[in-house]
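Novice: Chains as they are written, first to last, in numbering that gives the first Met the number 0: chain A, 0 to 257; chain B, 0 to 257. Glycine is no exception: its CB is placed at the ideal position from the N, C-alpha and C atoms. Have a look at this one before I ask anything.
Protein chains: 2
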Amino acid sequence: MTQQAAGRIFIVGLGPGAPEQMTPQARAALAQATDLIGYAPYVARVEAGPEVVRHASDNRVELDRARHAAELALAGRSVAVVSGGDAGVFGMASAVFEAIDHGPAAWRGVDVTVIPGVSAVLAAAARLGAPLGGDFCVISLSDNLKPRAVVHRRLAAAADAGLVIALYNPRSKARPDQLGEALDLLRTILPGDVPVAFARAIGRPDERVILTDIAHADPEQVDMSTLVLIGCPLTHVIDRADGGKWLYTSRRVEESCA
Amino acid sequence: MTQQAAGRIFIVGLGPGAPEQMTPQARAALAQATDLIGYAPYVARVEAGPEVVRHASDNRVELDRARHAAELALAGRSVAVVSGGDAGVFGMASAVFEAIDHGPAAWRGVDVTVIPGVSAVLAAAARLGAPLGGDFCVISLSDNLKPRAVVHRRLAAAADAGLVIALYNPRSKARPDQLGEALDLLRTILPGDVPVAFARAIGRPDERVILTDIAHADPEQVDMSTLVLIGCPLTHVIDRADGGKWLYTSRRVEESCA
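Take a look at the structure:
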């Protein structure tokens, strides 16, 4: 009956970073894990006893990690595959199912549970006000796994349709010019005063928020830990009495707006 | 110095429904509230002592609720404005800032904190597998606040650009035909075998999930509590060993896909 004693995989979204933004459900799953798998900074974020095995890995090896998780689960371990934010939004969830889809038939018998988390885009939006008040899209700017032409086609379609755009993976050392190209493209579609926000490391000690507009948005202020939010013509800035600002997108859309 | 003792507003995302999916941050904010404001079923979900005043209201009176919250806060109360899921995603957050933007100047001095939550789209995606593994958009199908032509333009643009589409407010008694129209439109753009999921009341006792494809998707199986997920050509179905299915979207996009 060893097959009955088979292990399982939890795919866990740890939330944006602050412990109070991780759900009790995620915490309970992590408490059951015998093994932790993920990108090293996320594995390091998990509190666990010395008996828990930590398999921390570099960035960009998602499929290797996913296969490792399936092998460990089949060997009877309880594996927590961890991602920051929500694991389903440019995190490890898709990689785990891709590995299972292309792996040995036995992997389709593994018990997999995905535990949702507060994604970076939701945390950034909350910190800014309510910029996602209307329809919106979430796009990764990375061209590691998709052609840059597809990224540009999607950005243009979204801006043209009046969607607020949240950009993940906006910039890295290997791709220093891509955000600038994207902003140049969006400037051909959107009015120059459309608000743009750079929300870095929201909920963590090194949090930083920059509010600008698309005419003045400077890619040099953005790094890989930054969530870029590009408003639509219905995104407004409110001047607070304390000198700060709130950002929100109107829920009401007129016929002239798309 | 009574102005220093002014109240505040927490805009709180309660999560999908299960208590273990509400963040500790949300719970802490609710514990500070003297007043709860929101759509009646969400206010009812909050545990609070008898000293906490519950201002439950009907659907579709978001701006009235928002103004009420600002008035109470200015009178020194600590108000929690609550929404299901994440308050920034078709919840109360945008309405509160819209009210402040168009309200008396004093409202810009109110202390407002938005507490993000696990949104319905993230909970539904986790329940299904990893359908949001690529770029995606979140669109409300309701035409209460925007023309139907805008909704259709956005749906067509998103499908054409290869985005996975999450639909909020897909159907109500007042709008029985709109989801059918949207699906008919999407059938002219997407291959018939693109997966479609109806995820109803995820994380609650009356949860129900239906997995189909766009050729066969039946609007009659959808109500207002359902999140509709429409895949893209890169969304795949995996047959599990136990007879169930997982849904995931490939992270890798070829040049031919958009």
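Please return the same chain residues whose Cβ sits closer than 6 Å to the Cβ of residue 40 of chain B, not counting the five positions on each side in sequence.
Specialist: Answer for residue 40 of chain B: no residue qualifies.
Novice: Does DSSP put residue 35 of chain A in a helix, a strand or coil?
Specialist: Residue state, collapsed to three classes: strand.
Novice: In angstroms with no decimal places, state the Cα-to-Cα distance between residue 232 of chain B and residue 193 of chain B.
Specialist: Their Cα atoms are separated by approximately 6 Å.
Novice: With a cut-off of 8 Å on the beta carbons, I'd call residue 77 of chain A and residue 90 of chain A a contact; round off their distance for me.
Specialist: About 19 Å; that fails the 8 Å criterion.
Novice: Go through its chain and collect everything with a Cβ distance to residue 16 of chain B's Cβ below 6 Å, but skip five positions before and after it.
Specialist: 202, 203.
Novice: What separation, rounded to the nearest whole angstrom, lies between the Cα atoms of residue 230 of chain B and residue 237 of chain B?
Specialist: Approximately 14 Å between the Cα atoms of the pair.
Novice: Taking its Cβ as the centre, do 16 or more other Cβ atoms sit within 10 Å of residue 49 of chain A, making it buried, or is it exposed?
Specialist: Exposed.
Novice: Residues of chain A with a CB under 8 Å from the CB of residue 136 of chain B: which are they?
Specialist: By Cβ distance, chain A contributes 134, 135, 136, 137, 157, 162.
Novice: Does any CB atom of chain A fall closer than 8 Å to the CB of residue 145 of chain B?
Specialist: It does: the Cβ of residue 145 of chain B has a partner Cβ on chain A nearer than 8 Å.
Novice: With DSSP collapsed to three states, give me the class of residue 239 of chain A.
Specialist: In the structure shown, residue 239 of chain A sits in coil (DSSP, three-state: anything other than H, G, I, E or B).
Novice: Quick one: complete alpha helix (DSSP H) runs, 4+ long, within the segment 53–115 of chain A?
Specialist: Qualifying alpha helix (DSSP H) stretches, in chain order: 61–73, 92–100.
Novice: Would you list, in chain order, the members of the segment 59–83 of chain B that have their beta-carbon closer than 8 Å to a beta-carbon of chain A?
Specialist: Going along the segment 59–83 of chain B in chain order, one finds 61 with a Cβ nearer than 8 Å to chain A.
Novice: By alpha-carbon positions, which one of B/51, B/154, B/159 ends up nearest to residue 152 of chain A?
Specialist: Out of B/51, B/154, B/159, B/159 has the C-alpha closest to the C-alpha of residue 152 of chain A.
Novice: So, with DSSP's three-state summary, where would you put residue 175 of chain A?
Specialist: Correct three-state label for residue 175 of chain A: coil.
Novice: Could you name the residues of chain A that residue 19 of chain B contacts, counting a contact when the two beta carbons are closer than 8 Å?
Specialist: Per Cβ cutoff of 8 Å: 22, 23, 24, 27.
Novice: What does the alpha-carbon distance come out to for the pair residue 150 of chain A and residue 224 of chain A?
Specialist: Each residue's alpha carbon lies about 19 Å from the other.
Novice: Between the segment 126–138 of chain B and the segment 154–169 of chain B, do at least 3 Cβ pairs fall closer than 8 Å?
Specialist: Verdict: yes, contact present.
Novice: Using a Cβ cut-off of 9 Å, pull out every chain A residue sitting near residue 9 of chain B, in sequence order please.
Specialist: Correct list: empty, because the minimum Cβ distance to chain A is about 11 Å.
Novice: Got a sec: is the Cβ-Cβ distance from residue 189 of chain B to anything in chain A below 8 Å?
Specialist: For residue 189 of chain B, the answer is no, since every Cβ of chain A falls outside 8 Å of its Cβ.
Novice: Could you check which residue in A/228, A/61, A/11 has the C-alpha nearest to that of residue 25 of chain A?
Specialist: Out of A/228, A/61, A/11, A/11 has the C-alpha closest to the C-alpha of residue 25 of chain A.
Novice: Spatial neighbours of residue 21 of chain A within its chain, please: C-beta separation below 6 Å, excluding the five flanking residues on both sides.
Specialist: Here the set comprises 13, 14.
Novice: Apart from the five residues just before and just after residue 247 of chain B, which ones in its own chain have a Cβ nearer than 8 Å to its Cβ?
Specialist: Excluding residues within five positions, the ones whose Cβ falls inside 8 Å are 128, 129, 130, 132, 234, 235, 237.
Novice: Do residue 168 of chain A and the ligand GDP come close, with the Cβ less than 7 Å from some heavy atom?
Specialist: The ligand GDP is absent from the structure shown, which contains no ligand whatsoever.
Novice: Since residue 125 of chain A and residue 209 of chain B should fall inside the 8 Å C-beta cutoff, what is the C-beta to C-beta distance between them, to a whole number of angstroms?
Specialist: Actually they are not in contact, since the Cβ atoms of residue 125 of chain A and residue 209 of chain B sit about 31 Å apart, beyond 8 Å.
Novice: Would you tell me roughly how many angstroms separate the C-alpha atoms of residue 155 of chain B and residue 181 of chain B, rounded to the nearest one?
Specialist: Going by the C-alpha atoms only, they are around 9 Å apart.
Novice: Any idea what DSSP makes of residue 194 of chain B, helix, strand or coil?
Specialist: In the structure shown, residue 194 of chain B sits in a strand (DSSP, three-state: E or B).
Novice: Would you please verify whether the beta carbon of residue 235 of chain B is less than 8 Å from any beta carbon of chain A?
Specialist: Yes - at least one Cβ of chain A is within 8 Å of the one on residue 235 of chain B.
Novice: Can you tell me where the alpha helix (DSSP H) holding residue 150 of chain A begins and where it ends?
Specialist: Its alpha helix (DSSP H) spans residues 147–159.
Novice: Against chain A, with Cβ distances strictly below 8 Å, would residue 32 of chain B count as a contact?
Specialist: No, residue 32 of chain B does not count as interfacial toward chain A.
Novice: Looking only at its own chain, which residues have a Cβ that is under 7 Å from the Cβ of residue 139 of chain B, when we skip the five neighbours before and after it?
Specialist: 89, 167, 168.
Novice: Strictly under 8 Å for the Cβ-Cβ distance: is residue 41 of chain B near chain A by that measure?
Specialist: No, its Cβ sits nowhere closer than 8 Å to a Cβ of chain A.
Novice: Compile a chain-ordered list of the residues in the segment 114–125 of chain A whose CB is closer than 8 Å to at least one CB of chain B.
Specialist: Under the 8 Å Cβ criterion, the segment 114–125 of chain A contributes 114, 115, 116, 117, 118, 121, 122, 124, 125.
Novice: With a threshold of 8 Å between beta carbons, is residue 206 of chain B in contact with chain A?
Specialist: No, residue 206 of chain B lies away from the interface with chain A (no Cβ there is under 8 Å from its Cβ).
Novice: Alpha carbon to alpha carbon, what distance is there between residue 104 of chain A and residue 184 of chain B?
Specialist: Roughly 37 Å separates the two Cα atoms.
Novice: Give the straight-line distance between the Cα atoms of residue 216 of chain A and residue 118 of chain A, rounded to the nearest whole angstrom.
Specialist: Taking the straight line joining both Cα atoms gives about 24 Å.
Novice: Specify, as a first and last residue, the run of the alpha helix (DSSP H) that residue 127 of chain B falls within.
Specialist: Per DSSP, residue 127 of chain B belongs to the alpha helix (DSSP H) from 119–127.
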